[in-house]
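Below is one structure, written out as C-alpha cells; comments come after it.
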Amino acid sequence: RHRSLNPECPFVLNPRTSGNVPSIITPTSPVPSSSSLDYKNEAVRLASYENWPIPEIVSPEDLARAGFYSLKYEDNTKCAYCKGVVRAWEPDDIPDVEHKRHFPACPFVLSTINSRLDGSGDRGGGTTSRGCCNEPTFKNLNLVSSSMDGSLDELGVQKHNGPKRPDHGTIEARLRTFTSWSPHLILGPEILAQAGFYYEGMGDQVRCFHCDGGLRHWDPDDD
98 RHRSLNPECP FVLNPRTSGN VPSIITPTSP VPSSSSLDYK NEAVRLASYE NWPIPEIVSP
158 EDLARAGFYS LKYEDNTKCA YCKGVVRAWE PDDIPDVEHK RHFPACPFVL STINSRLDGS
218 GDRGGGTTSR GCCNEPTFKN LNLVSSSMDG SLDELGVQKH NGPKRPDHGT IEARLRTFTS
278 WSPHLILGPE ILAQAGFYYE GMGDQVRCFH CDGGLRHWDP DDD
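Residue numbers (the working numbering): 98 to 320.
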C-alpha cells in the first residue's frame, strides 16, 4: 500500500539510503538574525544551543567545538567560518569529522580541526561514498550544502528532498510511536515500522516518515 500510495517516495525506492538523502538549505529557511553575535567565539556558539532538540544524538559541546552554531531551526547548524550548513545529524556523526569531510577548505578546519584529527585519527566511518579525486559523490550524505550563497548548479550539486520527519528515521524511533497501538488491529507495529511508517496515535492511521504519506483502514490482505 505504501508503494501504491506514493511510488516515488525515496523510502519506497531505496529504504537503505533514504534516511540519509542530502538536503539543501536555501536562504528561504527560517533563520534568525545573528549579525550582532560573534560566533567565532566558542562560548557564543555553545550558548546558541539552548533547547537543542537532539542532545542524545550529537552534543552542543562537540558541535560548538567543531565551529558550528545552532540556527534555531530543527537540527540545522552553521559554521562560523566557512558558513557551511549541516543538518540531519545521526548518532555516529562526529562534528569535527563531518566538518572536514564536507568543507575541507574551511579556515577553521585548516587551522584547528585538521590538527585535532591528526592527533586522534579520522574516525569518520563510511557514510560518504567518494569518487575519483576525493570528490564526494553525494551518496548517503547526511549533509546539506557547501554554501548558502552562489549557484548550486554551477557547483554541480544536485538538490534532493530529505525526510519530512527525520526524527522518525530509524525503525526503533518509529516503533516507539506505537505504544498505544491496539493489539487487536490487523497489522503489527514491527511490520509497519519496517515499511517506513510511524503511528499518529489515532485509530490505525500511520504516516511515512520520509514522504509524509498517510494510510489507514488496513485490510487483512494489505502488505
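Heads up, the beta-carbon is just placed ideally off N, CA and C, and yes, glycines get one too.
For Thr267, the secondary structure class from DSSP, reduced to helix, strand or coil, is coil.
Rounded to whole angstroms, Ala270 and Arg142 show a C-alpha spacing of 29 Å. With a threshold of 16 other beta carbon atoms within 10 Å, Ser167 meets it and is buried. Straight through space, the alpha carbons of Gly216 and Cys305 are spaced by roughly 42 Å. Per DSSP, the unbroken alpha helix (DSSP H) holding Arg198 starts and ends at 192-199. The continuous beta strand (DSSP E) containing Arg304 extends over residues 303-305.
If you check the CB distance, Thr174 and Arg184 come in under 8 Å.
Here the alpha carbons of Ala290 and Ile154 stand approximately 20 Å from one another.
Counting of Cβ neighbours within 10 angstroms places Ala177 among the buried residues, the total reaching 16 or more. For His265, same chain residues with a beta-carbon under 6 Å away, outside a window of 5 residues either side, are Arg271, Tyr295, Phe306 in chain order.
The alpha carbon of Cys106 has as its nearest neighbour, out of Pro260, Gln302, Pro317, Asp318, the alpha carbon of Pro260. For Phe294, the pairing in a beta bridge is given by DSSP as Cys305. Within the same chain, Gly164, Tyr178 come within 6 Å of Phe205 by CB-CB distance, once the 5 residues on both sides are set aside.
Residue range 165-167 is occupied by the beta strand (DSSP E) that includes Phe165. Across the set Gly181, Glu139, Ser156, the C-alpha of Ser156 shows the shortest separation from the C-alpha of Asp189. For Gln302, same chain residues with a beta-carbon under 7 Å away, outside a window of 5 residues either side, are Gly311, Arg313 in chain order. A distance below 8 Å between beta-carbons, with the five flanking residues on each side excluded, links Lys137 to the following residues of its chain, in chain order: Ala177, Tyr178. Looking at Asp318, Ile268, Gly293, the one whose alpha-carbon comes closest to that of Leu282 is Asp318. Looking only at Gly181, Lys180, Asp159, the smallest Cα-Cα distance to Arg213 is reached by Asp159. For Phe275, the closest of Arg262, Met299, Pro263 by C-alpha to C-alpha distance is Met299.
Put simply, of Glu147, Glu139, Asp135 the residue whose alpha carbon is nearest the alpha carbon of Glu171 is Glu147. Burial state of Ser145 is buried, judged by a 10 Å Cβ sphere holding 16 or more other Cβ atoms. Put simply, the backbone Cα of Glu195 is about 24 Å away from that of Leu134.
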